[in-house]
Amino acid sequence: MRIHFIAIGGSVMHNLAISLAEQGHQVTGSDDQILEPSRSRLADANLLPPSLGWDTDRITEDLDAVILGMHAEADNPELLRAQELKIKIYSFPEFVYQQSLTKNRVVIAGTYGKTTIMSMIMHVLKKLNRDFDYLVGAHLEGFDSLIKLTPSAELILIEGDEYFASSIDNRSKFLFYNPNIALISGVEWDNFRTIISEEDYYKQFESFISTIVPKGTLIYNKDNAKLKKIVEQTSDCKINRHGYKLPEYTINKGVTYLHLNNEDVPLKVFGKHNLSNIAGAYTVCEWLGVTREEFYQSIKDFKSSIRYLELVASNSRSVVYQDFAHTPSKLKSSIHAVKEQFPNQALVTIIELNAYESLNEDFLQQYQNSMTESDFAVVFIGANALKENNKLLGNITEKLQPIFNHEAFKVITDVNELEKFLEGFKSNGYNLLFMSSSNYSGVNMVSFADKFLKII
Numbered sequence: 001m002r003i004h005f006i007a008i009g010g011s012v013m014h015n016l017a018i019s020l021a022e023q024g025h026q027v028t029g030s031d032d033q034i035l036e037p038s039r040s041r042l043a044d045a046n047l048l049p050p051s052l053g054w055d056t057d058r059i060t061e062d063l064d065a066v067i068l069g070m071h072a073e074a075d076n077p078e079l080l081r082a083q084e085l086k087i088k089i090y091s092f093p094e095f096v097y098q099q100s101l102t103k104n105r106v107v108i109a110g111t112y113g114k115t116t117i118m119s120m121i122m123h124v125l126k127k128l129n130r131d132f133d134y135l136v137g138a139h140l141e142g143f144d145s146l147i148k149l150t151p152s153a154e155l156i157l158i159e160g161d162e163y164f165a166s167s168i169d170n171r172s173k174f175l176f177y178n179p180n181i182a183l184i185s186g187v188e189w190d191n192f193r194t195i196i197s198e199e200d201y202y203k204q205f206e207s208f209i210s211t212i213v214p215k216g217t218l219i220y221n222k223d224n225a226k227l228k229k230i231v232e233q234t235s236d237c238k239i240n241r242h243g244y245k246l247p248e249y250t251i252n253k254g255v256t257y258l259h260l261n262n263e264d265v266p267l268k269v270f271g272k273h274n275l276s277n278i279a280g281a282y283t284v285c286e287w288l289g290v291t292r293e294e295f296y297q298s299i300k301d302f303k304s305s306i307r308y309l310e311l312v313a314s315n316s317r318s319v320v321y322q323d324f325a326h327t328p329s330k331l332k333s334s335i336h337a338v339k340e341q342f343p344n345q346a347l348v349t350i351i352e353l354n355a356y357e358s359l360n361e362d363f364l365q366q367y368q369n370s371m372t373e374s375d376f377a378v379v380f381i382g383a384n385a386l387k388e389n390n391k392l393l394g395n396i397t398e399k400l401q402p403i404f405n406h407e408a409f410k411v412i413t414d415v416n417e418l419e420k421f422l423e424g425f426k427s428n429g430y431n432l433l434f435m436s437s438s439n440y441s442g443v444n445m446v447s448f449a450d451k452f453l454k455i456i
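Mapped onto UniProt numbering, the consecutive letters of the sequence shown carry residue numbers 1 to 456.
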């Protein structure tokens, strides 16, 4: 096939382009911005566009398909030209589905935990030498790409999210996959940029359940009340339903153990949300023919993905973790996880708020009491985020303190001020948790952790 990618520089898009080129397809692409590591990876695969920008001359009648990335707007000139020539236009989830029609499709969905559950399943199947394709939302240890599509694999694991498929198709991505097995980790309306209406947000998951193939299987988190209600509302779907819940566990000397019959299984991850994720991953693997013994033997050495409650630095008195989190529910669960794992140590929590939805004045109310378990709470808002949200200008602490409702509360808006705060904090006996979906204005997290621990 001759395939052209509009907005080839995206994290998933460039991985898909490389995968298709490796299969022998003729692949071209364009974008108005291509950052690292996409740029180098496309160059190594001889797929880097000769110049940045959009060029309608790249859209020719002999193309078999155009794949449209989220970065491309509805008035993109290449898109308009493809529509004019009546070339088949796919969003990437639509194309992935077409490439996996004959495969056993497993889709992992939910407001949170998708990537972690995906990585757990992939880790186990890889250790057991099972052949499978996949589409995952973050780079995982032991896997070179975000996507693997082959003609031979009979199984594909797909991380399915509820965001729009493309600029010309506002259906949620996970509605395209028609899974044989679907898992929903939980639902929580705490991400403002998806669908404004809370009711509509939950309806997306009802619709997702209805896309499971007849006699397929839904695996769901029974501990999530909103999800249980959604499952009950889809009782007319002719599918199997299999709930899972938080397993029994103990924490001993900073190590979490799962209780399984007569055996305690030590883990390299911690936190109730991760234990729930393990229960979900096990249930999926069980439906894929993995035995109980195989799963728990394999999961023992599973480590968190990069930036998912990842240990950054430590000394004999304190630990520093970073977590890819900015939504209220993630904030609460990650703080609770660290406090539960280290109950005798105080915790400093720093959350970076920079996304449009997190700083929306209406949505900010969702953060009410979200840092209560932390002993010292800091909100960091970078300069660029402040410029884009000028309603917050003025006394930001006065505006945010009543929301977070924390006595030991501080707002920092300058990265140098944050560095000085960490250097001056008397960290003996304190742990530190960084949380963000961004990068703290590009700071070196290890360096900041070392300043807190007084290593440098």
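Every residue, glycine too, gets a C-beta built ideally from N, C-alpha and C.
Burial is judged here by how many other beta carbons sit within 10 angstroms of a residue's own beta carbon; THR102 has fewer than 16 and is exposed. In this structure, GLN345 is the residue among GLN345, VAL124, ILE251 with its C-alpha nearest to the C-alpha of PHE376. Distances from the alpha-carbon of GLN297 to those of GLN98, PHE342, GLN26, VAL265 put VAL265 closest. Taking each of ASN431, MET445, GLY142, TYR249 in turn and checking the Cα distance to LEU125, the smallest one comes out for GLY142. Closest by C-alpha distance to VAL27, out of SER11, ARG58, ARG39, LEU52, is ARG58. An exposed status is given to ILE251, since fewer than 16 other beta-carbon atoms sit within 10 Å of its beta-carbon. Closest in alpha carbon position to GLU198, among LYS451, THR111, PHE448, SER276, is THR111. The Cβ neighbour count for ASN428, taken over all protein chains shown within 10 Å, is under 16; the residue is labelled exposed. With respect to the C-alpha of GLN341, the residue from ALA43, GLU352, HIS326, PHE270 having the closest C-alpha is PHE270.
Comparing alpha carbon positions, the residue from ILE168, SER40, GLN33 closest to LEU52 is GLN33. About 13 angstroms separates the beta carbons of ASN405 and GLN366, which is beyond the 8 angstroms limit, so they are not a contact pair.
Looking at the backbone, the Cα of TRP189 and that of PHE132 are separated by about 32 angstroms.
VAL284 is positioned such that its CB atom lies no closer than 8 angstroms to that of ILE147. DSSP places THR115 in the helix class (H, G or I) of the three-state scheme.
In the DSSP assignment, GLY160 falls outside any beta strand (DSSP E) and carries neither an H nor an E.
Pairwise C-beta distances place the segment 88–101 in contact with the segment 61–72, as three or more of them are shorter than 8 angstroms.
Where LEU422 is concerned, the enclosing alpha helix (DSSP H) starts and stops at 415–424. Residue environment for PRO49: buried (at least 16 other C-beta atoms within 10 angstroms of its C-beta).
The continuous alpha helix (DSSP H) containing ASP44 extends over residues 38–44. The count of Cβ pairs closer than 8 angstroms, one atom from the segment 147–156 and one from the segment 320–329, stays below three, leaving the stretches out of contact.
Fully enclosed beta strand (DSSP E) runs of no fewer than 3 residues occupy 2–6, 26–30, 65–68, 89–91 of the UniProt domain "Mur ligase N-terminal catalytic" (2–97), in order along the chain. By the 16-neighbour rule on beta-carbons within 10 angstroms, VAL255 is exposed.
For THR256, the three-state secondary structure derived from DSSP is strand. Under the 10 Å beta carbon count, GLY382 is surrounded by 16 or more other beta carbons and is classified as buried.
Judged by DSSP secondary structure, MET445 falls within the alpha helix (DSSP H) whose first and last residues are 445–453. Per DSSP, the unbroken beta strand (DSSP E) holding PRO266 starts and ends at 263–266. Under DSSP, no beta-bridge partner is assigned to ARG171. If you draw a straight line from the Cα of GLU84 to the Cα of ASP169, it is about 17 angstroms long.
Contact annotation, TYR244 with TYR257: C-beta distance approximately 19 angstroms; criterion of less than 8 angstroms not satisfied. Apart from the 5 residues on each side of it in sequence, PHE448 sits with its Cβ closer than 7 angstroms to the Cβ of GLU419, LEU422 in its chain, given in chain order.
In the pairwise beta carbon analysis, the segment 113–124 is classified as not touching the segment 38–48: fewer than three pairs are separated by under 8 angstroms. In the DSSP assignment, HIS273 falls within the unbroken alpha helix (DSSP H) covering 272–287.
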